[in-house]
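A short worksheet on the structure shown next.
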Amino acid sequence: MQIVLFFSKPKITQPTLSFCNFWNDSEKNTNLYDLNRLLRSYRFQTKLKPKGLYFFWNECLNKVLSLNINLALKSTMIKYEKKNLSKKKLIELYKGMLLPRMIEEKMLSLLRQGVISKWFAGIGQEAIATGVTHALKPEEYILPMHRNLGVFTNRDIPLHRLFKQWQGKKGGFTNGRDRSFHFGTNEHHIVGMISHLGAQMAVGSGIALGNMLGKEKKVTVAFTGEGGTSEGDFHESLNVASVWNLPIIFLIENNGYGLSTPTSEQYNCENLADRGLGYGMETHIIDGNNILTVYETIKAIAQSVRKKPRPVLVECRTFRMRGHEEASGTKYVPQELMDEWAKKDPIDNFEHFLLKQKAITKAEIAELRKANKALIEEELKIAAQEESVSDASEEASAIYKAYTPIVHTADKANAPDKRYIDAITDGLKTGMDENDKLVLMGQDIADYGGVFKITDGFMEKYGKGRVRNTPICESAILGIGLGLSIKGYKSMVEMQFADFVTCGFNQIINNLSKSYYRWGQQADVVVRMPTGGNVGAGPYHSQSTEAWFFHSPGLKMVYPSNPYDAKGLLLSAIDDPNPVMFFEHKALYRSLTDALPEEPYRIPIGKAALVREGEDVSIITYGLGVHWAVEILDKHPDINADLLDLRTLAPLDVDAIFESVRKTGKVIVFHEDSLTGGIGGEIAALISQHCFKDLDGPVMRAGALHTPVPFAKALEANYMPKQRFEEMLVELVAY
Ligand SMILES: Cc1ncc(C[n+]2csc(CCOP(=O)(O)OP(=O)(O)O)c2C)c(N)n1
Ligand SMILES: [Mg+2]
Numbered sequence: 055m056q057i058v059l060f061f062s063k064p065k066i067t068q069p070t071l072s073f074c075n076f077w078n079d080s081e082k083n084t085n086l087y088d089l090n091r092l093l094r095s096y097r098f099q100t101k102l103k104p105k106g107l108y109f110f111w112n113e114c115l116n117k118v119l120s121l122n123i124n125l126a127l128k129s130t131m132i133k134y135e136k137k138n139l140s141k142k143k144l145i146e147l148y149k150g151m152l153l154p155r156m157i158e159e160k161m162l163s164l165l166r167q168g169v170i171s172k173w174f175a176g177i178g179q180e181a182i183a184t185g186v187t188h189a190l191k192p193e194e195y196i197l198p199m200h201r202n203l204g205v206f207t208n209r210d211i212p213l214h215r216l217f218k219q220w221q222g223k224k225g226g227f228t229n230g231r232d233r234s235f236h237f238g239t240n241e242h243h244i245v246g247m248i249s250h251l252g253a254q255m256a257v258g259s260g261i262a263l264g265n266m267l268g269k270e271k272k273v274t275v276a277f278t279g280e281g282g283t284s285e286g287d288f289h290e291s292l293n294v295a296s297v298w299n300l301p302i303i304f305l306i307e308n309n310g311y312g313l314s315t316p317t318s319e320q321y322n323c324e325n326l327a328d329r330g331l332g333y334g335m336e337t338h339i340i341d342g343n344n345i346l347t348v349y350e351t352i353k354a355i356a357q358s359v360r361k362k363p364r365p366v367l368v369e370c371r372t373f374r375m376r377g378h379e380e381a382s383g384t385k386y387v388p389q390e391l392m393d394e395w396a397k398k399d400p401i402d403n404f405e406h407f408l409l410k411q412k413a414i415t416k417a418e419i420a421e422l423r424k425a426n427k428a429l430i431e432e433e434l435k436i437a438a439q440e441e442s443v444s445d446a447s448e449e450a451s452a453i454y455k456a457y458t459p460i461v462h463t464a465d466k467a468n469a470p471d472k473r474y475i476d477a478i479t480d481g482l483k484t485g486m487d488e489n490d491k492l493v494l495m496g497q498d499i500a501d502y503g504g505v506f507k508i509t510d511g512f513m514e515k516y517g518k519g520r521v522r523n524t525p526i527c528e529s530a531i532l533g534i535g536l537g538l539s540i541k542g543y544k545s546m547v548e549m550q551f552a553d554f555v556t557c558g559f560n561q562i563i564n565n566l567s568k569s570y571y572r573w574g575q576q577a578d579v580v581v582r583m584p585t586g587g588n589v590g591a592g593p594y595h596s597q598s599t600e601a602w603f604f605h606s607p608g609l610k611m612v613y614p615s616n617p618y619d620a621k622g623l624l625l626s627a628i629d630d631p632n633p634v635m636f637f638e639h640k641a642l643y644r645s646l647t648d649a650l651p652e653e654p655y656r657i658p659i660g661k662a663a664l665v666r667e668g669e670d671v672s673i674i675t676y677g678l679g680v681h682w683a684v685e686i687l688d689k690h691p692d693i694n695a696d697l698l699d700l701r702t703l704a705p706l707d708v709d710a711i712f713e714s715v716r717k718t719g720k721v722i723v724f725h726e727d728s729l730t731g732g733i734g735g736e737i738a739a740l741i742s743q744h745c746f747k748d749l750d751g752p753v754m755r756a757g758a759l760h761t762p763v764p765f766a767k768a769l770e771a772n773y774m775p776k777q778r779f780e781e782m783l784v785e786l787v788a789y
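Using the numbering used here, the letters of the sequence shown map in sequence onto residues 55 to 789.
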């Protein structure tokens, strides 16, 4: 393939190369930086004055490679101070940057061959990942992003496992279920990102909280790009970490761009680090291309944070030398910037420094490169030997971590009557007594006891460490729940009202629910959701939110309709290592009493309860629907209905549903939530598909109107489906 190159600005001292006649546009962008570097070295090595020179690409590449490019920088653009660092450490740091660089260069070629599917290059940013990883102890967690290959290589992960991961093979870290750097490995104390960027910061804070509660003197580092700092999760995490004094370093890699967005369109302050000041946090701004600065700074901060736990914000200035990902190009990046930063390449400069210091020789560098190349090829061969994932048989069951549920029954006879709300308190207390690694988090839950007073007195009994008042930061707190799970804790996060879960939606849907499926890390979190209407509280304190989560694999969802079930299900939810959304109806809190055994017991998750038995019709419902159905059946003694209280919405007890429908031949699915897109739609579809031959009437559904939950009593009564359910039931029985 022919290329033509010429210096477009011959007058400036470091001339800019530009190219034409590329085989296609995206290739041009892809290769611009490579070519720039290679040809610059070629010029230095050959002393050619390449104005108007014509090269054949392959020929050029071969020549450059055969010259064994030691980038011929005349002098370093980075000022290094080696302080007391030994030669051994200097070489380690150099090697720590060189290997990821060489792996990336290889990946770029494999990408072009279609062996891997995507690549987000960290070329030019290696000093940050390498410096940070060397500054931490191996048992301290790092939460890297998509340009931080150096974290993985410097934690000595076998390369073939990384290659398998990027090729979607079983021997990677996700069984082919997630791509690129989207995985964690507790063995190496790394928690990889999810695509949503800022979510990492909260998970890191959770790990830091686990370290703090366990009195482990460890620091955690959570990475973010400067683009990610615009996300709410960044701000919430910094705020919570500061209020709680968590031992964590938040590290911003400010590389000039977030996809195509330059920093000038991303934030409007001089230094991103200054944001930390607003949260009452110590901050630093450092040259992210200077490996010694990164290493020494992070090492010093880490040592200090281990002694005196606190969050610190570090902004590393660097530059993204390639496109956002390889297909997206760099057209929007001014060439001058590229050239300027190319001169500050962290590896070229450090290499030059080491040569000058006589810490390394050219021959040793050549040897190192050769050894790295051989290692990469060898490990690629190992990865190639493994077949791609083709067996999908385990997938459906891979969303939940398996565990053996505790079977624990209690007799209701002679048990004292207690309210629904007392059942929740009892369940939580039992959970706290049984498990000293259970941590409660929520707004106003400590001294104040929660807005419903469910945790009244808990802080005094279990301490402020385990009963934690939180700032109004739902997202960060839910992410912290995942971080705590990584450290072996269980947590219960109380939404003050279920409605506010919208502010934590991302962490639930993308982190808690998918974590086990993706890389085998359970999210041992119970999210308590004071839910539902009939309380005259209007659109933002009355919603039924269960359908939002029903669609998301990996979550369990329970919805007890009475105090006995509430306590037993809550204890099962706490035992369960999977994330459980626990819906408790506010209207039932103080209006419903039931015999409640004092001793601990469990109601199994995934099992519905037949509340009434009859032959005429099946009513499938949950929550407040159970009580409405009872009331209406009492009003119509002539109707003999099976009344099935689902109790668990995910996983759904389809066997119990089908058994009842096959017996009665008629069914009405009934819930408080809006009909449109409600869980009833899924249940009705399952019944139609699997019980069609047994049906003697249409599958009916009763749900609320498709409006927000209105405030005024009459409007709310009209919104709720109770009356429509009664009419439908009578109609269906007569059908
Ligand atoms: C919440 C969210 N919005 C948008 C995107 C799409 N996206 C992926 S990476 C990226 C830019 C990230 O910029 P930055 O944080 O600076 O990291 P960099 O890629 O520069 O390392 C964007 C917009 C995303 N992944 N997540
Ligand atoms: Mg960026």
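Even glycine gets a Cβ: it sits at the ideal position worked out from N, Cα and C.
Inset, instruction - Would you check whether ligand 2 has a heavy atom nearer than 7 Å to the C-beta of residue 790? - result: What is shown of the chain runs 55 to 789, which leaves residue 790 out entirely.
Inset, instruction - List the endpoints of the continuous beta strand (DSSP E) containing residue 672. - result: 671 to 675 is the span of the beta strand (DSSP E), which, as asked, contains residue 672.
Inset, instruction - Return helix, strand or coil for residue 553, following the three-state DSSP convention. - result: DSSP places residue 553 in the helix class (H, G or I) of the three-state scheme.
Legend entry - Pick from 627, 779, 619 and 463 that is closest to residue 544, judged by C-alpha positions: Closest by alpha carbon: 627.
Inset, instruction - Output yes or no for whether 8 Å exceeds the beta carbon distance between residue 678 and residue 586. - result: Against a cut-off of 8 Å, the Cβ pair of residue 586 and residue 678 comes out as a contact.
Legend entry - DSSP state of residue 722 mapped onto helix, strand, coil: The answer is strand: DSSP assigns residue 722 an E or B state.
Inset, instruction - May I have the straight-line CA-CA distance separating residue 251 from residue 346, to the nearest angstrom? - result: Distance between residue 251 and residue 346, taken at the CA atoms: about 27 Å.
Inset, instruction - With a floor of 4 residues, list each alpha helix (DSSP H) that falls wholly inside the stretch 471 to 507, ordered by position along the chain. - result: Runs of the alpha helix (DSSP H) inside the stretch 471 to 507: 474 to 488.
Inset, instruction - Would you check if the stretch 285 to 299 and the stretch 562 to 569 touch, i.e. whether three or more CB-CB distances between them fall below 8 Å? - result: Contact fails: fewer than three Cβ-Cβ distances are below 8 Å.
Inset, instruction - Please name the residue, chosen from 284, 297 and 348, that lies closest to residue 317 on a Cα-to-Cα basis. - result: Nearest C-alpha to residue 317: 284.
Legend entry - Length of the line joining the Cα atoms of residue 214 and residue 433: Note on geometry: alpha-carbon atoms of residue 214 and residue 433 lie some 5 Å from one another.
Inset, instruction - Look at the Cβ atom of residue 547, then the Cβ atom of residue 496, and state whether they are nearer than 8 Å. - result: Residue 496 sits close to residue 547, with the two beta carbons spaced by under 8 Å.
Legend entry - Reduced DSSP category for residue 610 - H, G, I as helix; E, B as strand; rest coil: Annotated three-state conformation of residue 610 is strand, per DSSP.
Inset, instruction - My understanding is that residue 529 touches residue 558, with C-beta atoms under 8 Å, so please give their C-beta distance in whole angstroms. - result: Contact flag correct, Cβ pair sits at about 5 Å.
Inset, instruction - Tell me whether the beta-carbon of residue 341 lies closer than 8 Å to the beta-carbon of residue 132. - result: Going by C-beta atoms, residue 341 is nearer than 8 Å to residue 132.
Legend entry - Burial state of residue 637, where buried means 16 or more other Cβ atoms lie within 10 Å: It is buried - the Cβ of residue 637 has at least 16 other Cβ atoms within 10 Å.
Inset, instruction - Starting from residue 754, follow its DSSP beta bridges and name the residues at the other end. - result: Note: residue 754 sits in a beta bridge opposite 722.
Inset, instruction - Say yes only if the C-beta of residue 374 is nearer than 7 Å to one or more non-hydrogen atoms of ligand 4, and no if none qualify. - result: Ligand 4 is not part of the structure shown, which contains ligand 1 and ligand 2 as its ligands.
Inset, instruction - Pull up the distance between the alpha-carbon of residue 112 and that of residue 426, whole angstroms please. - result: At residue 112 the pLDDT is 39, less than 50, meaning the model places this residue with poor confidence and gives no usable figure here.
Legend entry - Neighbourhood of residue 509 by C-beta distance below 6 Å, restricted to the same chain and skipping five residues each side: These residues qualify, in order along the chain: 499 and 503.
Legend entry - Coarse secondary structure for residue 378, derived from DSSP in three states: Of the three classes helix, strand and coil, the one that applies to residue 378 here is coil, per DSSP.
Legend entry - Rounded C-alpha distance that separates residue 392 from residue 423: C-alpha separation (whole angstroms): 25 Å.
Legend entry - Straight-line Cα distance separating residue 737 from residue 591: Each residue's alpha carbon lies about 29 Å from the other.
Inset, instruction - Give me the Cα-Cα distance between residue 378 and residue 308, rounded to the nearest whole angstrom. - result: Going by the C-alpha atoms only, they are around 13 Å apart.
Inset, instruction - Please classify residue 241: does DSSP put it in a helix, a strand, or coil? - result: When DSSP states are grouped into helix, strand and coil, residue 241 belongs to the helix group.
Legend entry - Counted within 10 angstroms of its Cβ, other Cβ atoms place residue 745 as buried (16 or more) or exposed: Within 10 angstroms of the beta-carbon of residue 745 lie 16 or more other beta-carbons, which makes it buried.
Legend entry - Touching by the beta-carbon criterion (3+ pairs, under 8 Å), the stretch 258 to 275 and the stretch 299 to 306: Result yes; three or more Cβ-Cβ pairs closer than 8 Å.
Legend entry - Status (buried if at least 16 other CB within 10 Å, exposed otherwise) for residue 526: With fewer than 16 neighbouring CB atoms inside 10 Å of its own CB, residue 526 falls in the exposed class.
Legend entry - Helix, strand or coil at residue 318 [DSSP, three-state]: Helix at residue 318.
Inset, instruction - Please classify residue 104: does DSSP put it in a helix, a strand, or coil? - result: The predicted model places residue 104 with a pLDDT of 45, which falls under 50 and marks its position as unreliable, so this point remains unresolved.
Legend entry - Endpoints, the beta strand (DSSP E) within which residue 368 is located: Start and end: 365 to 371.
Legend entry - Paired residues, beta bridge with residue 146 - DSSP: In the DSSP output, where bridge partners are listed per residue, residue 146 has none listed.
Legend entry - Selected residue, minimal CA-CA separation from residue 169, among 442, 373, 198 and 501: Minimum Cα distance to residue 169 is reached at 442.
Inset, instruction - Measure the alpha-carbon distance for residue 134 versus residue 153 and round it to whole angstroms. - result: Answer to the nearest angstrom: the Cα atoms are 21 Å apart.
Inset, instruction - Select from 480, 490 and 517 the residue whose C-alpha is nearest the C-alpha of residue 507. - result: Cα-wise, what sits closest to residue 507 is 480.
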